[in-house]
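In this note's numbering, the protein residues as written are 21 to 440.
For glycine and all other residues, C-beta sits at the position ideal for the given N, C-alpha and C.
All values derive from a computational prediction rather than experimental measurement.
A short worksheet on the structure shown next.
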Ligand code: EPU
């Protein structure tokens with residue numbers, strides 16, 4: 021098993037560029053099967069999750085061509101041979117469920133192994149299924165799988181009880197080929213939803229309102245291939261912003277959309293970090309002012325992203341004062357706290373809140389990445405901890421950060437990947 025060895029590092033300095041967004045590229049790849057001709061997707065990040073999505077597309081009959089040096093993937097799905105997402109792939113990547121909406125739209129049938137629980141909470145898919153049912157699908161829940169079938173899909177008015185990102189995407193992908201109009205209310209407003217809607221509209225879909233809480237979709241009879249460049253990864257951008265603050269460094273992040281990381285910028289500024297937004301770039305300077313505590317509540321976009329909670333919490337262990345974090349999106353996303361406390365942090369959990377006492381000097385230890393963002397948080401902790409931090413189960417981190425070691429090393433971090 022591979023591990024990361026992270027040594028206490030100097031303040032990070034220099035520039036790096038954000039890669040294409042993981043959470044945008046995965047639904048876009050799934051949506052590409054809605055066309056019978058080629059879709060070309062550009063600015064693809066180098067991630068394990070993208071590889072798993074390629075395998076999933078191939079398993080249902082798509083021809084996938086990867087041109088790594090051009091960061092491009094072509095997907096050609098002349099025929100769908102299999103309407104089922106197998107367990108081996110779903111268990112590796114929960115986002116496999118995003119194939120369900122496109123399969124249902126194109127083949128009127130979709131079967132998927134149930135993803136089950138995961139490290140960051142129960143993560144049910146009831147809202148996805150509620151949407152498919154409203155569009156006319158019969159839903160059958162079997163042992164370890166769920167199947168949706170329909171004679172035809174017909175537009176409907178659908179209200180989501182919670183603005184779930186995945187449910188919004190899956191229902192949108194099913195509704196684009198439905199007869200008539202679908203109105204989705206209380207939907208997710210994340211930039212990844214907008215990117216997916218732009219991709220689908222490029223294929224000939226008629227979607228309006230993506231990025232607001234109501235999306236209107238006029239069904240069309242067919243979609244065609246398109247070439248589309250994926251938006252930059254806002255969580256990757258945010259992670260490097262916090263890494264710069266954590267080490268009291270000075271980092272320029274290129275290919276970054278400041279609008280997409282507004283809450284992270286606002287919170288870092290509250291802490292005393294200087295941020296300047298230049299066209300397409302964000303500069304984070306934390307080597308001048310003292311860095312102080314702040315409180316955070318995670319919320320659906322445009323609120324503070326749950327995917328930045330663990331990294332920000334790590335920063336708050338080092339600042340002046342005590343901070344309170346409230347996680348409202350996932351019920352169990354505090355797995356990193358035990359590991360941070362083992363490194364010398366003082367964080368207490370009170371229900372959905374975490375109380376973080378600042379100015380703690382962390383010490384290197386053997387720790388485990390329990391999920392992608394928890395793993396990133398431990399890397400950040402390792403950059404300021406005395407001695408060496410040994411992080412295991414790093415496959416979680418490599419699911420979601422493109423060229424992580426190379427980018428951090430370029431900024432002066434002392435981090436190595438070792439095979440045991
Ligand atoms: N939920 C339900 N029922 C549903 C769907 C969701 O109760 O049918 C609940 C979940 O249990 C959770 C909350 O709603 O408590 C939010 O879940 P959501 O569906 O919005 O999340 P997701 O689509 O499963 C995506 C990202 C996550 C990110 C969340 C929230 C992808 C592939 N994943 O997950 O990204 O945390 O939105 O922003 O887009 C990550 O990148 O590390 C990551 C976990």
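Taking only the alpha-carbon atoms, compute the straight-line gap between residue i and residue j and give it to the nearest angstrom.
| i | j | result |
| --- | --- | --- |
| residue 273 | residue 411 | 25 Å |
| residue 198 | residue 181 | 22 Å |
| residue 156 | residue 231 | 26 Å |
| residue 135 | residue 110 | 6 Å |
| residue 95 | residue 74 | 9 Å |
| residue 127 | residue 186 | 20 Å |
| residue 106 | residue 69 | 15 Å |
| residue 253 | residue 51 | 19 Å |
| residue 72 | residue 112 | 8 Å |
| residue 188 | residue 204 | 8 Å |
| residue 222 | residue 103 | 25 Å |
| residue 89 | residue 152 | 38 Å |
For residue i, which residues in the same chain have their Cβ closer than 6 Å to its Cβ, ignoring the five residues on either side in sequence?
| i | result |
| --- | --- |
| residue 294 | 305 |
| residue 386 | 410 |
| residue 37 | 274, 275 |
Tell me whether residue i, by its Cβ, gets closer than 7 Å to a heavy atom of the ligand EPU.
| i | result |
| --- | --- |
| residue 289 | no |
| residue 145 | yes |
| residue 175 | no |
| residue 46 | yes |
| residue 392 | yes |
| residue 250 | no |
| residue 493 | Residue 493 lies beyond the range of the chain shown here (21 to 440); nothing can be said about it. |
| residue 385 | no |
| residue 106 | no |
| residue 142 | yes |
| residue 325 | yes |
| residue 356 | no |
For residue i, collect the residues of the same chain with a Cβ closer than 7 Å to its Cβ; drop the 5 residues on either side in sequence, then sort them by chain order.
| i | result |
| --- | --- |
| residue 184 | 147, 208 |
| residue 353 | 140, 141, 326, 329, 347 |
| residue 206 | 179, 180, 183, 233 |
| residue 60 | 92, 94, 247 |
| residue 169 | 128, 129, 157, 158 |
| residue 301 | 272, 273, 274, 276 |
| residue 65 | 39, 40, 42, 45, 253, 422 |
Starting from residue i and walking both ways along the beta strand (DSSP E), at which residues does that stretch end?
| i | result |
| --- | --- |
| residue 62 | 59-62 |
| residue 82 | Unbroken run through residue 82: none, as it is neither H nor E. |
| residue 303 | 301-305 |
| residue 330 | Taken as a continuous stretch (DSSP letters only), residue 330 belongs to no beta strand (DSSP E), being part of the alpha helix (DSSP H) at 329-336. |
| residue 377 | 373-377 |
| residue 92 | 92-96 |
| residue 408 | 408-412 |
For the alpha helix (DSSP H) holding residue i, just list the boundary residues, first then last.
| i | result |
| --- | --- |
| residue 258 | 254-266 |
| residue 418 | 415-418 |
| residue 445 | Since the first residue shown for the chain is 21 and the last is 440, residue 445 is missing from the structure and cannot be characterised. |
| residue 188 | 185-195 |
| residue 214 | 211-222 |
| residue 126 | 120-127 |
Leaving out five residues before and five after residue i in sequence, what residues of the same chain have Cβ atoms less than 8 Å from its Cβ?
| i | result |
| --- | --- |
| residue 78 | 84 |
| residue 193 | 47, 50, 51, 54, 118, 121, 122, 125, 216, 220 |
| residue 418 | 67, 68, 424 |
Would residue i pass as an interface residue toward chain B - the criterion being a Cβ-Cβ separation below 8 Å?
| i | result |
| --- | --- |
| residue 281 | Going by chain labels, chain B is absent from the structure shown, which holds only one protein chain. |
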